[in-house]
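So the structure is just underneath, and the comments pick up after that.
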Amino acid sequence: MAGKIPPELIDRINELSKKKKESGLSAAESKEQRKLRQKYLSLFRETFRSNVEMLQVFDKKGNEVTPEKVKQIQRKKGLRDD
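Under this note's numbering, the first residue of the sequence shown is numbered 182, with each subsequent residue one higher.
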């Protein structure tokens, strides 16, 4: 999966968040926290985008109704034959 979020990243974000609530963070820790959160959001967005680009939508009758924009992206990535 593209951009999988490593558990260590989440663990460190949580550590810093807990420390901030309990005793506060140093300037270096605050800077690290911001960088880690930015990295997390970047990976989350990448993963979410990849998931959306891979999906196909079908109506109750079984007809594909995937939005054309998503179909175009899938064609560019070689994921569609049509």
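Glycine included, C-beta positions come from ideal geometry on N, C-alpha and C.
Quick caveat: nothing in here was measured; it's all calculated off a predicted structure.
When the beta-carbon positions are compared, Thr247 and Val238 come within less than 7 Å of each other. DSSP places Thr228 inside the alpha helix (DSSP H), whose first and last residues are Ala208 to Met235.
Residue pairing by DSSP puts Glu245 in a beta bridge opposite Phe239. At least 7 Å separates the beta-carbon of Gln214 from that of Leu190.
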